[in-house]
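Quick notes on the structure that follows.
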């Protein structure tokens, strides 16, 4: 053999495949073995190389000349060469030794944990790097601490998993115990019947003369007396059993047996004779006589036994017990069995011409033929389609051939049918006879699965490759023989715009989950299952079924669940009326799951066509129904067609396919397409705007309603209705609509069009030639080349489009940030958002639109209805109601900004500044309808507004609101209705009128000092940032001077929605709005009504009795007027905080009130003032969301002091926290910036996530942006 270094250098730069092939060709098995040993000895000097005995590689039994033995040896040699070259110990090298140990050890080897692919925790020892000093030791301790934390986390997760498994196993054991108890009862009954039959058979044997012992050469005793359980009987013995009372003895014995055979079958007699115990379940004979042999009888049931006395013994003769009747029965049964076996052997040898019989008790070495019927399948074609299966069966039976299986199915050939035929092996000789089949009927063997899976033609190979889809059956651990022959097929209509995803995290090797998203964001989950077969135990089946239930629970409420697959259970009539009667324990367990989720089997319903059985086994003799498609019961009416497809020549499986068609359009939520989406952005192109204004002006001029000078409430209603009608009709005719185009490929260019056309042309030519896959075929080469050129150009176009998009994004970011983030938001992938479509009521999720709509209507109806709190001041309420009557009388004659009529320029200025892109109200108008209407429309609106101002009458259309529920955001529960905010959409013309009133009153409010200087919301020169600045400066000023500052952040419960309307108008009158405006607004709010909208459906209308509408133009200012006096009430208490002569006891941002005090009791006094204020003005604070933060304390002092102090509001203790987020800014009691930095980092992560979600890959844009 050559030098070792030379061999290693030769194969150092070669691949593993070349090395293996070269070594197999040059060396024999012995040479390879010796080479492996030498390499292992040479590698022993490497650090951590395993030491031990090498495993011997043996040639597999029945292997060929070039077997896997050489491959295994050469693979080991290749690994040893790599180890010798790189000094890396691979797992393959460790597996070569019987006892792998580490040859060299390190001083410290920490254990690191790794998670393997199957979820288990593995450990590996790795030497620590020695470092000098304290830093090295600190690094080692930190590393070991991290490994310990990972290990503890894994152990805790494993413990939780084990607890869940133990719970499931306990449930399984309970169900199995119940089944075992039932089986034991059935077994007892069967045992009782079997004992009864054995008793009868043994009785017949005793009555036979051959069963009696020979009594010749015996002395005849005169009589014998036997006592059995206290019963004495006198019997006369006759030596001849056929004489002198033999019939009487057998009759008495038969009567005794008939009376006690059931008890005898359960209770056995135990008899002791000469210290030997003889047990017999049937009959026991007591041997007694003149020798006075002691005998013990223990019988639970007394019965009469015929006694046979023994012959007197001689003095030198030993005592031997005589044979009993039970012994005679047993010997007789043995003789009968031997006779039966002997007759069977004679018949067998007689048929073979061998008459040799076994002599004596010798048993020949013979085998037993298996009682198994062997069949063979055939395919019949060319049968007339008018022939029935009965005729084919009669034809075969007439020729002494009985088929075990006969399935008839349609054929591709017109006017013919085909059949699958299974017959016994012994009947094959008849098929070979000439002219056996009728003319034109062809018979050939049925193609097996193995032959079909390796066809010669390329087209069948492509068909088989298409079958290898991901399914639960293919994912089985031992599913190599089933790969490509099972699963589900899902088809959908093209207009449904379906997207499909595979949820691999929910499934396992027996469950595959398919997520189908419809066009309106509804989901259908299709589960493909393959439950354990009958060869596996019940526990495995129950565990798989529990896993299936957990998956359904996970998907329940988020979509509709369909289940299809092989359940390996017989559910019988539990699935439906169209099923077999066979039911087993697995079927009963599966039926419980179906009942829990209200599922039915589609193929077990009456409307299903085709065979009832879906699985054929044992050559077609056993037919069962184990495959099902399970759908919810409420979807049964939407099933268009269902069938079990009969067997055909293309079906290689023993299972029959099941098909089901469901009308998804009827059960899914169709989006509301009644409103046209007008594209107002296109009005600036061409003469679209001019056409719209001209058409609208013509319609308004020709309408006689606008030419009338009468000013009445009815005239106002007609003016408003006709204006809205003309706006909608004219816009629909002249404004272009928004076209919803499918997903466009922005990278597409004319070059890709021509290349795609060339690919299609080459593909058609290749298809016409039969899809040959030979590399020498010109059509195949042209098609592959065309497809290569197209894909290359496509990738280049995608890259160029991506680069251009990044350049535009960078330019937008540098010029205008708003356009940049608008662009990013458009590129983001849409998310599944639950805007109140699914709610959780009393622990149950409600997803039906009508039910959810009723829940929302009741919620808002209760919200806008005043509450009867016993703490509210009812005396003050009566006082306010009486005052409002007096105020209404006093309001006439007071000066008011609305005393002067509206001017054209004033209305035109408001209309021209209306924002774009806002949602439309109940009138289905947007701001753009009015904004681009022109001067003639502005004149009509001026006329309407002046009529409303003069008559102080508000039309009913302006009093209707459409409520939409918007999620508040954050990590709140989306299924809780309390985490939603109701936004009211109002009519556009009414909101313009509100804007005109607000523009008239803002200057007057400012002169009166409204709103309060401590209110920072809804004002042009104030903001939330300014409010936070004032609060922080006030706190810092006092903390720097050594004082502690106690701040309470109050939270009002539904502040905007719970405004007391009478109290609001009472305050407005006192603030100075005491004229025409006051009367118009009170008239307007007195007839407010709303309805709730959800997915295009609308609820019934309900009144609004309290609150200001969130969505109205005047609502923010009305709320500021309502709580404008809060700072004055707190200043009057004189318990707040002051900076020199400035009182800073409160900071208000709309409904958020912050109370500030330097003393604990002072803060409690402020809380008492606010509590009394809320009772007087009939609203409530939420103690659970109210928080107190103490500034100027260290963390340790805060933890100690907060246990000694407390504050209360509404009788509930207010929690104290170390920090709180005020108007989006985190404030910490110890002035730590950790929380702020953490929030800033999270915002940075969210921004990065938003960019990544929009498709912006790392490195695509400048990171400095």
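In the working numbering, the protein residues as written are -1 to 1263. Beta carbons: idealized from backbone N, C-alpha and C, even for Gly.
Worksheet item: Cα-Cα, which of 1084, 978, 1202 is closest to residue 964?
Response: Distance from the Cα of residue 964 is smallest, within the candidate group 1084, 978, 1202, for 978.
Practice prompt. With a threshold of 16 other CB atoms inside 10 Å of the CB of residue 639, please say whether the residue is buried or exposed.
Written response: Residue 639 is exposed by the Cβ-count criterion.
Worksheet item: In terms of residue numbering, what span does the beta strand (DSSP E) encompassing residue 374 cover?
Response: For residue 374, the enclosing beta strand (DSSP E) covers residues 373 to 382.
Item to complete: Name the residue from 399, 388, 412 whose alpha carbon lies nearest to the alpha carbon of residue 380.
Response: Nearest option by C-alpha distance: 412.
Discussion item. Only counting the same chain, and skipping five residues up and downstream in sequence, which positions put a Cβ closer than 8 Å to that of residue 857?
Written reply: Once the five neighbours on either side are set aside, the close Cβ partners of residue 857 are 975.
Fill in: Proximity to residue 383 [Cα-Cα], best of 1036, 410, 838, 657
Ranking 1036, 410, 838, 657 by Cα distance to residue 383 puts 410 first.
Item to complete: Let me know if residue 1039 comes out buried or exposed under the rule of 16 or more other beta-carbons within 10 Å of its beta-carbon.
Response: Exposed, because fewer than 16 other Cβ atoms sit within 10 Å of the Cβ of residue 1039.
Worksheet entry | residue 1067 to residue 896 span [Cα, whole Å] | Each residue's Cα considered, the two are about 15 Å apart.
Worksheet item: Which partner residues does residue 36 have in the DSSP bridge list?
Response: Under DSSP, residue 36 takes part in no beta bridge, so it has no partner.
Worksheet item: Does the beta-carbon of residue 794 have 16 or more other beta-carbons within 10 angstroms, so that it is buried, or is it exposed?
Response: With fewer than 16 Cβ atoms within 10 Å of its Cβ, residue 794 is classed as exposed.
Worksheet item: Rounded to whole angstroms, how far is the Cβ of residue 1124 from the Cβ of residue 1171, which I believe are closer than 8 Å?
Response: Yes, residue 1124 and residue 1171 are in contact; Cβ-Cβ is about 7 Å, under 8 Å.
Worksheet item: residue 231 to residue 172, Cα distance in whole Å?
Response: Bear in mind that a pLDDT of 35 at residue 231, under 50, signals an unreliable position, so the model cannot answer this.
Practice prompt. Note down the Cα distance separating residue 697 from residue 710, rounded to an integer number of angstroms.
Written response: Cα to Cα, the separation comes out at about 23 Å.
Discussion item. According to DSSP, is residue 1187 part of a helix, a strand, or is it coil?
Written reply: Correct three-state label for residue 1187: strand.
Worksheet item: Between residue 939 and the rest of its own chain, which residues show a CB-CB distance below 6 Å, the 5 nearest in sequence each way excluded?
Response: For residue 939, the CB contacts under 6 Å within the same chain, skipping 5 residues up- and downstream, are 905 in chain order.
Item to complete: Please determine if the stretch 1172 to 1186 and the stretch 1220 to 1228 are in contact, where contact requires at least 3 C-beta pairs separated by less than 8 Å.
Response: Fewer than three beta-carbon pairs drawn from the stretch 1172 to 1186 and the stretch 1220 to 1228 are found closer than 8 Å, and the two stretches are therefore not classed as touching.
Item to complete: To the nearest angstrom, report how far apart residue 800 and residue 512 are at their CA atoms.
Response: Rounded to the nearest angstrom, the gap between the Cα atoms of residue 800 and residue 512 is 31 Å.
Item to complete: Could you please give the first and the last residue of the uninterrupted alpha helix (DSSP H) stretch that includes residue 843?
Response: For residue 843, there is no enclosing alpha helix (DSSP H); the residue is found in the beta strand (DSSP E) stretching over 842 to 844.
Fill in: DSSP three-state assignment for residue 514, whether helix, strand or coil
Reduced to three states, the DSSP call for residue 514 is strand.
Worksheet item: With 7 Å set as the bound, which would you pick, yes or no: does the beta-carbon of residue 1110 sit closer than that to a beta-carbon of chain C?
Response: Any reference to chain C falls outside this structure, which holds one protein chain only.
Worksheet item: For residue 1102, which of helix, strand or coil comes out of DSSP?
Response: DSSP places residue 1102 in the coil class of the three-state scheme, outside both helix and strand.
Item to complete: With DSSP collapsed to three states, give me the class of residue 29.
Response: The answer is helix: DSSP assigns residue 29 an H, G or I state.
Practice prompt. Assign residue 251 to one of two classes, buried (16 or more other C-beta atoms within 10 Å of its C-beta) or exposed (fewer than that).
Written response: Bear in mind that a pLDDT of 41 at residue 251, under 50, signals an unreliable position, so the number given afterwards is only what the model happens to contain. Answer is buried; the Cβ neighbour count reaches 16.
Item to complete: Look at the Cβ atom of residue 1159, then the Cβ atom of residue 1131, and state whether they are nearer than 7 Å.
Response: In this structure, residue 1159 keeps its C-beta atom at 7 Å or more from the C-beta atom of residue 1131.
Practice prompt. Buried or exposed for residue 354, please, with buried defined as at least 16 other CB atoms from any protein chain shown within 10 angstroms of its CB.
Written response: Confidence is the limiting factor: at residue 354 the pLDDT is only 42, short of 50, which leaves the residue's position unreliable, though a coordinate-based value still follows. A residue is called buried when at least 16 other Cβ atoms come within 10 angstroms of its Cβ; residue 354 does not meet this threshold and is exposed.
Worksheet entry | C-beta atoms of residue 777 and residue 763 nearer than 7 Å | At the C-beta level, residue 777 and residue 763 come within 7 Å of one another.
Practice prompt. Please name the residue in 948, 992, 949, 941 whose C-alpha comes closest to that of residue 957.
Written response: For the residues 948, 992, 949, 941, the minimum Cα distance to residue 957 belongs to 992.
Item to complete: Identify whether residue 1212 lies in helix, strand or coil by the three-state DSSP scheme.
Response: Judged by DSSP in its simplified three-state form, residue 1212 adopts coil rather than helix or strand.
Discussion item. Taking 8 Å as the limit between beta carbons, can you name the residues of its chain near residue 1077, skipping five residues before and five after?
Written reply: Excluding its 5 nearest sequence neighbours in each direction, residue 1077 has C-beta neighbours in its own chain below 8 Å: 886, 889, 950, listed in chain order.
Practice prompt. Take residue 528 as the anchor and find which of 538, 509, 1148 has the nearest alpha-carbon.
Written response: In terms of Cα proximity to residue 528, the closest of 538, 509, 1148 is 509.
Discussion item. Spatial neighbours of residue 608 within its chain, please: C-beta separation below 7 Å, excluding the five flanking residues on both sides.
Written reply: Correct list, in chain order: 641, 642, 643, 644.
Discussion item. Among the candidates 1190, 1162, 1028, whose CA atom is the shortest distance from the CA of residue 1137?
Written reply: The alpha carbon of residue 1137 has as its nearest neighbour, out of 1190, 1162, 1028, the alpha carbon of 1028.
Fill in: Continuous beta strand (DSSP E) stretch holding residue 562: start and end
Looking at the DSSP string, the run of the beta strand (DSSP E) that includes residue 562 is 558 to 564.
Worksheet item: Where in the stretch 970 to 1013 do unbroken runs of the alpha helix (DSSP H), each at least 4 residues long, occur, reported from the N-terminal end onward?
Response: If we require 4 residues or more, the alpha helix (DSSP H) runs fully inside the stretch 970 to 1013 come out as 986 to 1005.
Item to complete: Reducing DSSP to helix, strand and coil, say where residue 544 ends up.
Response: In this structure, residue 544 counts as helix in the three-state DSSP scheme.
Worksheet item: Between which two residues does the beta strand (DSSP E) harbouring residue 625 extend?
Response: Secondary structure note for residue 625: its beta strand (DSSP E) is the uninterrupted segment 625 to 630.
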